[in-house]
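S.K.: To start, I am sharing the structure in question, which I have written as structure tokens.
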Amino acid sequence: MEISKKLFFIGSGNMAQAIISGLVQSKLVRPENIVCNDVVKDKLEAVAQKFAVAIAENKGEAIIGSDIIFLSVKPQNMPQVFEEIKHFVKKGAIIISIAAGITTKFIEDSIAKEVGVIRAMPNTPALVLEGTTALCKGRYVSDEQLIKAKTLFEAIGKAEILPEDKFDVITALSGSGPAYVFYLCELMQKAAEKLGLDAATAEKFAVQTIYGAGKMLDITKTPAAKLKEIVKSPNGTTEAALKHFEAQKLEEIVEKAMSEAVRRSKELSR
Ligand SMILES: NC(=O)C1=CN([C@@H]2O[C@H](COP(=O)(O)OP(=O)(O)OC[C@H]3O[C@@H](n4cnc5c(N)ncnc54)[C@H](OP(=O)(O)O)[C@@H]3O)[C@@H](O)[C@H]2O)C=CC1
Ligand SMILES: O=C(O)[C@@H]1CCC=N1
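Residue numbers (our numbering): 2 to 271.
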């Protein structure tokens with residue numbers, strides 16, 4: 002399936018590029034129907050080279066020709082973007098914001114028009130069509146429009162509609178989550194190197210282990226706790242390692258880390 006809607010990305014950084022790459026690979030959107038804007042000119046040129054998308058330095062002109070406006074700048078830059086675009090955005094326009102913490106109400110109030118605001122929390126695995134996205138809608142979006150937006154994110158992974166008051170937790174879980182897994186991978190590699198493996202072997206085995214474990218979770222639909230037990234032989238090597246994690250209270254560390262992410266999401270919230 003292909004859609005002919007024109008998408009305009011304001012902010013063409015890491016997350017926007019993951020979404021664009023996913024959409025182009027999935028063939029849902031043709032690159033010529035995507036326009037990118039960014040304050041960093043080099044980044045804009047690199048994006049155009051990489052994905053064969055169009056670029057626009059003038060936000061106003063690009064908004065006029067687009068069906069969906071993606072807001073993909075950092076939360077701190079959102080108020081400036083509202084100032085730049087509010088006179089060009091027409092009543093009834095559709096805006097999809099992926100910014101952590103920024104509420105649909107804040108966007109509606111800042112644009113000061115009846116604009117359709119969809120808030121999404123995607124994650125970077127969208128780059129390989131394995132993203133996880135939560136979506137919710139503002140006051141001026143119909144259920145049908147929200148479902149259409151969901152289709153866009155389903156082309157780059159899994160997507161689900163959730164209440165907006167769950168977005169801080171979702172941001173801490175799936176938005177930031179890939180970084181926790183990459184961190185674990187990095188630590189496993191480092192430990193294996195210290196224990197005697199060369200860097201290339203440590204990387205290859207750590208990466209395939211995390212990929213295989215993720216695929217097992219997905220395919221077997223067996224809870225993580227059960228899969229963990231299957232690896233753990235009585236009085237074996239896994240038990241020895243897991244006992245150390247438990248003694249060091251890894252559960253509390255993870256809970257505290259994720260509550261720090263929730264706290265920051267609320268702090269960014271407007
Ligand atoms: N990275 C991730 O994994 C995820 C990110 N998000 C959300 O996505 C958004 C973008 O994050 P990310 O892609 O990581 O950030 P990046 O910094 O990689 O990209 C944002 C880009 O927007 C540019 N920018 C700043 N102000 C403007 C402006 N007024 N007009 C146009 N472009 C502007 C930035 O330039 P400069 O660097 O000079 O400021 C930067 O190039 C954030 O709100 C974040 O919360 C959501 C889910 C996951
Ligand atoms: O770190 C952040 O603030 C953004 C939101 C979720 C992932 N990256």
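We put the CB at the ideal spot given by N, CA and C, even for glycine.
Please determine, among Ala192, Glu268 and Arg264, the residue with the shortest C-alpha to C-alpha distance to Thr242.
M.R.: On the sequence shown, position 241 is the one that residue 242 refers to. Before going on, a small fix: residue 242 reads as Ala here, not Thr. Considering only alpha carbons, the answer is Ala192.
S.K.: Alpha carbon to alpha carbon, how far is Ser27 from Ala127?
M.R.: Working through the sequence shown from its first residue, we reach residue 27 at position 26. Working through the sequence shown from its first residue, we reach residue 127 at position 126. Those two C-alpha atoms are separated by around 10 Å.
S.K.: Does ligand 1 have even one heavy atom less than 7 Å from the beta-carbon of Lys75?
M.R.: Residue mapping note: residue 75 aligns to position 74 of the sequence shown, counting from 1. Yes.
S.K.: With three or more C-beta pairs closer than 8 Å as the rule, is the segment 150-164 touching the segment 130-137?
M.R.: The answer is yes - the segment 150-164 touches the segment 130-137, with three or more Cβ pairs under 8 Å.
S.K.: Does chain D have any CB closer than 8 Å to the CB of Arg271?
M.R.: Among the chains of the structure shown, chain D does not appear; only one protein chain is present.
S.K.: Within the structure, which residues are defined as neighbours of ligand 2 by a Cβ-heavy atom distance below 6 Å, reported in chain order?
M.R.: In chain order, the hits are Ala101, Thr172, Gly176 and Ser177.
S.K.: Buried or exposed for Val48, please, with buried defined as at least 16 other CB atoms from any protein chain shown within 10 angstroms of its CB.
M.R.: For the purposes of this step, residue 48 is taken as the residue at position 47 of the sequence shown. Buried, since its Cβ has 16 or more Cβ neighbours within 10 Å.
S.K.: Nearest to Ile112 by alpha carbon, out of Thr125, Ile4 and Val90?
M.R.: Taking the first residue of the sequence shown as position 1, residue 112 is located at position 111. Residue Val90 is the option with its Cα nearest to Ile112.
S.K.: Taking Gln18 as the reference, give the member of Ile99, Phe83, Gly61 and Glu84 with the closest Cα.
M.R.: As a position in the sequence shown, residue 18 is number 17, starting the count at 1. Answer by Cα proximity: Ile99.
S.K.: Below 8 Å between beta carbons: does that hold for Leu147 and Ile119?
M.R.: Here residue 147 is taken as the residue at index 146 of the sequence shown, counted from 1. Here residue 119 is taken as the residue at index 118 of the sequence shown, counted from 1. Result yes, Cβ atoms of Leu147 and Ile119 sit closer than 8 Å.
S.K.: Would you call the segment 51-67 in contact with the segment 8-17, where contact means no fewer than 3 C-beta pairs closer than 8 Å?
M.R.: Cβ pair count under 8 Å is three or more, so yes.
S.K.: Classify Arg120 as helix, strand or coil using the three-state DSSP reduction.
M.R.: For the purposes of this step, residue 120 is taken as residue 119 along the sequence shown, with counting starting at 1. In this structure, Arg120 counts as strand in the three-state DSSP scheme.
S.K.: If you reduce the DSSP assignment to three classes, tell me which class Ala135 lands in.
M.R.: Residue numbering aside, residue 135 sits at position 134 when the sequence shown is read from its first letter. Ala135: strand per DSSP, three-state reduction.
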